[in-house]
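Per mature numbering (1 follows the signal peptide of the UniProt record, and there is no 0), the sequence shown runs over residues -18 to -1, 1 to 193. Even for Gly, the Cβ is constructed at its ideal location relative to N, Cα and C. Predicted model, so just to flag it, every value in this text is computed and none were measured.
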Amino acid sequence: MSASPLFSFLVLFQPVLLHRAARQRVQRLSPPPFRLHVQGDVPQLKEICSSLATSKELVKALVDIWGPDDGLNPSTASLLSALCAELDLARAHARQLTTEDRRRGDETARMRAQLVEEAREWRSRQREKVAVMVRVAAAELDGEQRSRRRAERVNAKLGKALADAERELAASRRELERERRSRERLEKSATSSSGAASPAAWSASGEARRR
């Protein structure tokens, strides 16, 4: 009994139909195109893990489409098995990278907090140094002001003492000048008195001799 034309057509085009069905299912299961987002030079590893998981599901779907393991070509089955293993390894590596990235993030946060604390301590030390320098400068300035006021008081006292000494010296000079003038007047008076008394004394002595 010869096969009907429809049956022959289905047998002839069965691989094409299966290929189209598999292609449509693969398109539905295909993961969206992966885009690597970089934020501060750190890749979004969670998206990588999700894409790898979707890729593994895609491989499983291909196995289901092509038939059980017994019906697959040995090389194809080996290739699919190796692909699943590589996907699992890549997913594990992505998880490890995610963990390391999280650890690095924690370490970065810790170092940032440490730097902030060190900067705060450094600013505190600098403020304390500046405060000490200001206190020392203020103390020196206060000491200089006190010394200047003390020197001004001493200079004022010395000036007053010098003025008093000059006044006393001037008074002594005037007193000496008055004494000198008085002595000169007395000397002149004494000289005048001794000159007027000499002729009378000579006449008295002559009369005495005549007697």
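Can you give me the Cβ contacts of residue i inside the same chain, cut-off strictly under 6 Å, excluding the 5 residues immediately before and after it?
i: residue 145; result: none
Take the Cβ of residue i as the centre, count every other Cβ of all protein chains shown within 10 Å, and call the residue buried at 16 or more, exposed below.
i: residue 153; result: exposed
i: residue 37; result: buried
i: residue 69; result: buried
Using C-beta distances below 8 Å, list every residue in its chain close to residue i, excluding the 5 sequence neighbours before and after it, in chain order.
i: residue 113; result: none
Exercise. State whether the segment 66 to 81 contacts the segment 98 to 113, with contact taken as three or more CB pairs (one from each stretch) at a distance under 8 Å.
Key: no
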